[in-house]
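See structure below.
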Amino acid sequence: MRATLREIVLGCRSLLVGMRVTMVEFFKPVVTVPYPHEALRMPERYRGPIELVRDPATGRAICYACQLCARACPSGCITVEGVKREGERRKRVTQYQLDFSLCSLCGACVEACPDAAIRFSKRYNWATPHKEEFLLDLVRQLEQESR
Ligand code: SF4
Ligand code: SF4
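In this text, residue positions in the sequence shown follow the numbering used here: the first is 5, and each later residue adds one.
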């Protein structure tokens, strides 16, 4: 009988200690993000797939298809094409393809661009079993963002 009582007391004490820990943790600030209901804020230096930068003055891509980024890429995953229109000083990019399945996020392309026309995006929640979906058309992506 005495042993049973002792066990009951010990059990209640253990329960109260557990409840105290739970209550202390319950009122502490939350450190996790309820993904996917809330998006993560990626750090400044985070490297997602590269994206074209828009010129705020024209609303178009800054890129003028000089090919320097494509030449600097060690994996050969960039294809750039552009056209020079009459009266314009520089070409306009018409196609900027990135094969992200080959990209190592090394940053050589971003460093090679003389006009900061590309940057790393903050895209992080991207997965697919289809390799061809990693072939990105960055010009179209920029156009879609402006709609
Ligand atoms: S980050 Fe590196 S591998 Fe990826 S596209 Fe740029 S240069 Fe190529
Ligand atoms: S992103 Fe920069 S380096 Fe690459 S083609 Fe455009 S202007 Fe040239």
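Note that the Cβ used here is the ideal one computed from N, Cα and C, for glycine as well.
Keep in mind the model is a prediction, meaning the values are calculated, not measured.
>> Considering only their Cβ atoms, is the gap separating R75 from A65 smaller than 9 Å?
In response: no
> Is A76 near ligand 1, judged by its Cβ being under 8 Å from some heavy atom?
Replying inline: yes
>> Counting C-beta neighbours from all protein chains within 10 Å, is the total for V97 16 or more, i.e. buried, or is it exposed?
In response: buried
> By Cβ distance below 6 Å, which residues in the same chain neighbour E121 in space, the five residues on each side in sequence not counted?
Replying inline: Per the sequence presented here, residue 121 reads as Ala, with Glu not at that position. Within the same chain, A121 has close Cβ partners V57, I66, C67.
>> Using DSSP's beta-bridge definition, name the partner residues of L56.
In response: I122
> Do the CB positions of G80 and L102 come within less than 9 Å of each other?
Replying inline: no
>> Below 8 Å, is the gap between the Cβ of S79 and the nearest heavy atom of ligand 1?
In response: yes
> Got a sec: does ligand 1 put a non-hydrogen atom nearer than 8 Å to the Cβ of S105?
Replying inline: no
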